[in-house]
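Residue numbers (the working numbering): 115 to 337.
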């Protein structure tokens with residue numbers, strides 16, 4: 115099985131893994147993404163069998179494995195992805211071998227920058243560098259690697275009325291995100307996908323659009 119992909123450093127220390135095929139992209143990132151932020155503590159931060167994960171996810175979705183349909187964009191800190199594969203004793207699928215090679219390639223690029231290990235890097239997965247999904251994932255990459263960007267968008271997030279913040283949070287949890295990434299997801303969605311109903315449900319479109327303008331203004335500074 116051939117998995118076509120390319121790696122590009124799209125922002126300083128933000129590496130995009132571009133996989134045009136939606137199915138291959140989701141399966142390639144599934145293990146590291148769920149290691150990073152699965153809502154199920156059985157998998158988050160744990161060395162798990164991908165087959166156990168597939169069964170659990172399927173049981174949560176009427177006995178159908180819809181992961182490759184549900185998720186199109188991905189984002190993980192380099193160190194988290196590295197730790198995930200350091201714990202894995204053997205490859206379970208061809209996707210494991212490919213992702214491990216990707217992680218090691220990016221780690222080497224980072225090492226060569228300063229001739230020492232440098233974990234301040236982020237991996238994102240998307241279909242192209244021109245899609246909305248790509249911009250959304252770049253927001254996550256900037257949030258993790260650029261302190262100035264993070265500070266500016268956090269300032270905007272702090273102005274969201276508490277009742278609206280709780281609605282965003284509840285929507286994201288219902289979508290399958292874990293609590294630890296809520297502020298990061300709020301800034302990414304309001305920057306790029308603020309009209310996505312599952313995210314913005316319960317908050318007025320006018321408010322979402324106004325926050326979108328503020329976040330987008332910050333994001334545009336880092337294009």
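Every residue gets a Cβ at the ideal spot worked out from N, C-alpha and C, and that includes glycine.
Item	Value
Cβ pair residue 217, residue 199 closer than 8 Å	yes
Residue 121 in three-state terms, based on DSSP	strand
Candidates 188, 226 and 294: closest to residue 249 by CA position	188
Cross-strand partners of residue 191 (DSSP beta bridge)	236
Segment contact, 8 Å Cβ cut-off, at least three pairs: the segment 254-274 with the segment 119-129	yes
Status (buried if at least 16 other CB within 10 Å, exposed otherwise) for residue 191	buried
Whole-angstrom C-beta distance between residue 143 and residue 149, which should lie under 8 Å	At roughly 10 Å, the Cβ-Cβ gap does not stay under 8 Å, so residue 149 and residue 143 are not in contact.
At least 3 beta-carbon pairs within less than 8 Å: the segment 277-294 vs the segment 233-242	no
Range of the contiguous beta strand (DSSP E) that encloses residue 129	128-132
DSSP-derived helix/strand/coil call for residue 185	coil
Contact set for residue 243: own chain, Cβ-Cβ below 8 Å, skip 5 residues either direction	122, 124, 130 and 132
Simplified DSSP state of residue 158, which is helix, strand or coil	coil
Straight-line Cα distance separating residue 227 from residue 321	42 Å
Residue nearest to residue 164 in terms of C-alpha spacing, selected from 275, 140, 220 and 183	140
Run of the alpha helix (DSSP H) containing residue 178, from where it starts to where it stops	Residue 178 -> no alpha helix (DSSP H), and no H or E assigned at all.
Endpoints, the alpha helix (DSSP H) within which residue 145 is located	136-151
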